[in-house]
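Here is the structure we will look at.
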Amino acid sequence: MGKTDRRYCVRPTVRFLDDKLIKKIITEARDVLKKLGVEIHSDEVVSMLQEHGAHVDKKHVFLNEEIIDKALKTAASSFRLYDVLGNETHHFIDDQVYFTPGSAALNILDHKTNRIRKPSTRDYIRYAKLVSRLQHIASQSTAFIPADVHERISDSYRLFLSLLYCEKPVVTGAFTMEAFTIMKNLQVAVRGTEKALAEKPLTIFSCCPTSPLKWSDVTVQNVIDCSDFNIPVEFVSMPLSGFMAPVTIIGTLVQHTAETLSGIVISQLRKPGTPMLYGGSPAAFDVRYETTPMGAIETQMIDCAYNEIGKYLGMPTQAYISLSDAKMLDAQAGFESAMGATLAGLSGINSISGPGMLDFESCQSLEKLVLDNEICGMVLRLVRGAKPKDDFPSVPHFEELLKERHLLISEHTRKFLRDEIYFPGPVVDRANRTRWEAEGASTLSQRAHDEVERLIGEYEESRLPDTIKKELVTLMESEAKEYGMDRLPDRF
Amino acid sequence: MEILDRISEMLQRGDTGKVSALVKESLTENIPAKQVLDGGLIRGMQVIGEQYRLHEIFLPDVLLAAKAMYAGMDILKPSFIKEGMPSLGKVVIGTVQGDLHDIGKNLVGIMLKGAGFEVIDLGNNVAPESFVETARKERASVIGMSALLTTTMPVMAQVVELLKAQRLVGTIKTIIGGAPVTKEYAQEIGADAYSFDSADAVETVKALVKPA
């Protein structure tokens, strides 16, 4: 690639808070944790915090400045993620951004009927195959919950299918305390040993406090289990402005900060240095419909703003932001996702969750996922910004243009075309009208569906060794038997 | 033949130097020039044209290949002194009178040449008479016209009328294009064809010159 003059490089960015306000929000959040405390449904964790000097009143733990400072001191400013083969895929640092599909949907949007339905094993495998082909989606998430297995294994079963069919690392989470063991064991099977897994993390576990200021037994157990095995966690605090949080953006940020700080304390005091993403999934509650709009502009503003707080605290960040509340692949689906993705990219949110997701995080659509993949491609281009590339001196370029009458095959064009200009498609349509008509006048939904089928058709089997794949199957079958399933659903 | 495959391959890569060298080499090996043209150069351009149509490659790739093809054809030219350079047909192109916007027309010219047509480019701001006289004098089978402005589009109709008056309709076919031009407009003024981009223009002109 040609020379880039770094003197002129600007990382396009957007900011919602200045440092003075960030400091004030953190101070207020610390005050809340100190005076009101956080409710934790785990005797083990409560005792641990008490040993570190926290004041405890039954399940209420009051976190003082010293404990919070101690935890923040050991919080890693960056970490890396690796695929099933052990290749590095992510380095969560500075303003590096990566996209991952929205996670844990209950439904899938069926293209044929344009209606939602419960997803099956077959749907999940198609999803994993599709993600393996999407260039701008850097990781898998356990995007929806297959309904054809016992609900007690529906979390581990998603991870099992993901590890079997796609090489990309996985953003996931456990629904029960017990599920962590099998989910950890599946990962150990891929890496070989617990030590190897700790050295090369393969997944990120979403751990969600309950608003306001509460940790359930399941989620807090997940936090400490992840710490024990150096499995990265993303804290997903979900304050609802005007309902389960103050109505204002700043007030919601104070709550989000307090809840996330409490997670950081639990994780870091359990094991200093555990990799973490300062994440979340807040929403500006819609008091008209009693819904939690992920596509609301205020939701996106809260996401970007808490990302600034996370960065100020020196941590990599995450947010559920590039998704939509539309019920189908319509204009709302596109614009809400694109707005969120763009703001997230400009904000430098390190792990951007959401692609494929509709309907308040309850419905995944493969067709939307391929559209979002192109949106992600555009955002990834956007954040690379405008940089001079052999542009100066300019006169020779214009001499060439005037002489040749075009620059289509100039050396400069050939050198920089593909780096400078991102060409989305085929879901995004850029043909002229006549050509579009000549090629069947397809709708975006049709093109997206065709692309889904094309990419799944081009799927190449995961290069994870067969012996490991067999071990994964053995582990999962044994887990299923525990819950009365003699056999797993067919995977063909 | 292996060397023709290599010519085709190097042309697809847009490697002008290698195409020239291989064309020279094939002539020294006494491979007939017509065979080098059809089996090497034109064949390579056909692959490029198809890849471009399918969005597998971009316009600059096509133009680079076309440049390599011209370089190869220059070397072959002396071998065709007697019978003249074989071509798929002769096409007169230009941007109509009153219009200076000729970027699209230039692209069409490059693509037509690349496909094996002989192209006479009259430039921009071309009067109706000039299109018809040149086509008649050069025994061209097709006139290609472009316009960007709605105000200059009627010049296309004047060219068709001139052809009618000189009883040349059918002998010299017309194809039109440009941002405001449509298939319906082509039908309305009695033009033989309309094309929406340069790749489509090549296919359309091929169909126009195909014996009925």
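Protein chains in written order, with my numbering: chain A, 223 to 714; chain B, -5 to 206.
We put the beta carbon where it would ideally sit given N, CA and C, even for glycine.
Min CB distance residue i to chain B below 8 Å
i      : result
A:I631 : yes
A:R657 : yes
A:R713 : no
A:H628 : yes
A:R636 : yes
A:G224 : Note that A:G224 scores 47 on pLDDT, short of 50, meaning its location in the model is unreliable; the coordinates nonetheless yield the value given after this. Chain B contact via Cβ: absent.
A:L639 : yes
Contacts that residue i makes with chain A (C-beta to C-beta distance below 8 Å)
i      : result
B:N118 : Chain A residues near B:N118: none, gap ~11 Å exceeds 8 Å.
B:K177 : T656
B:L21  : Ordered by position in chain A, no residue passes the 8 Å Cβ test against B:L21, which lies about 26 Å from the chain.
B:L58  : I631 and R636
Chain A within 8 Å of residue i, Cβ atoms only
i      : result
B:I169 : no
B:D194 : yes
B:P54  : yes
B:I25  : no
B:I75  : no
B:I97  : yes
B:L202 : no
Neighbouring residues, chain B, relative to residue i (Cβ below 8 Å)
i      : result
A:G647 : H49
A:R603 : By Cβ distance, chain B contributes nothing, its closest Cβ being about 16 Å from A:R603, past 8 Å.
A:N654 : F190 and D191
Residue i to residue j span [Cα, whole Å]
i      : j       : result
B:L21  : B:L(-2) : 11 Å
A:S361 : A:T322  : 5 Å
B:E3   : A:H628  : 26 Å
A:Q318 : A:I571  : 8 Å
A:D708 : A:H372  : 11 Å
A:G414 : A:S384  : 17 Å
B:D191 : A:N654  : 9 Å
B:I169 : A:L677  : 38 Å
B:E178 : B:A193  : 20 Å
A:M270 : A:I543  : 34 Å
A:M223 : A:K637  : The pLDDT assigned to A:M223 is 41, lower than 50, so where the model puts this residue is not dependable; a value taken from the coordinates is nonetheless given after this. Whole-angstrom Cα-Cα distance: 7 Å.
A:T394 : A:C388  : 14 Å
A:L630 : A:L639  : 9 Å
A:V232 : A:E642  : 15 Å
A:L499 : A:P431  : 14 Å
A:A480 : A:K246  : 12 Å
A:G706 : A:I375  : 11 Å
A:H274 : A:L604  : 45 Å
Listed by chain order, chain A residues near residue i by CB distance under 9 Å
i      : result
B:K61  : I631
B:L106 : The premise fails here: B:L106 is roughly 16 Å from chain A at the closest Cβ pair, so nothing lies under 9 Å.
B:L31  : By Cβ distance, chain A contributes nothing, its closest Cβ being about 22 Å from B:L31, past 9 Å.
Amino acids of chain A, ordered along the chain, whose beta-carbon sits closer than 7 Å to that of residue i
i      : result
B:L142 : What B:L142 touches in chain A: nothing, since even the nearest Cβ is about 13 Å away.
Proximity winner among the options, relative to residue i (alpha-carbon distances)
i      : options                            : result
A:P648 : A:F238, A:C448, A:T364 and A:E675  : A:E675
B:I36  : B:L94, B:Q91 and B:M105            : B:M105
A:E680 : A:P687, A:L686 and A:D672          : A:D672
A:K334 : A:S700, A:F382 and A:A670          : A:A670
A:G308 : A:T514, A:A566 and A:T425          : A:T425
B:L57  : B:L101, B:I114, B:G171 and B:K158  : B:L101
A:F382 : A:K692, A:F714 and A:P646          : A:K692
B:V90  : B:V13, B:K18, B:E112 and B:T144    : B:T144
B:A121 : B:M79, B:A134, B:A151 and B:V136   : B:A151
A:F714 : A:D641, A:F457 and A:S342          : A:S342
A:N407 : A:L551, A:S684, A:Y379 and A:E682  : A:Y379
A:K590 : A:A553, A:E621 and A:L535          : A:A553
B:G33  : B:Q181, B:E(-4), B:G117 and B:K131 : B:E(-4)
A:K493 : A:S449, A:K417, A:I359 and A:L568  : A:S449
B:M266 : B:G164, B:M147 and B:E77           : One cannot answer for residue 266 of chain B here, as it falls past the ends of chain B, which runs -5 to 206.
A:A365 : A:P423, A:L331, A:A527 and A:P615  : A:L331
B:I166 : B:P26, B:E132 and B:A62            : B:E132
Beta-bridge pairing of residue i - partner residues as DSSP gives them
i      : result
A:I338 : A:L331
A:E456 : A:S428 and A:L499
B:G138 : B:I87 and B:I169
B:Q160 : Answer is none; B:Q160 lacks a bridge partner.
A:T539 : A:Y500
A:C585 : A:N329 and A:L580
A:D279 : A:H282
Chain-ordered neighbours of residue i on chain B, where CB pairs are closer than 7 Å
i      : result
A:L328 : Those within 7 Å of A:L328 in chain B number zero; the least Cβ separation is about 37 Å.
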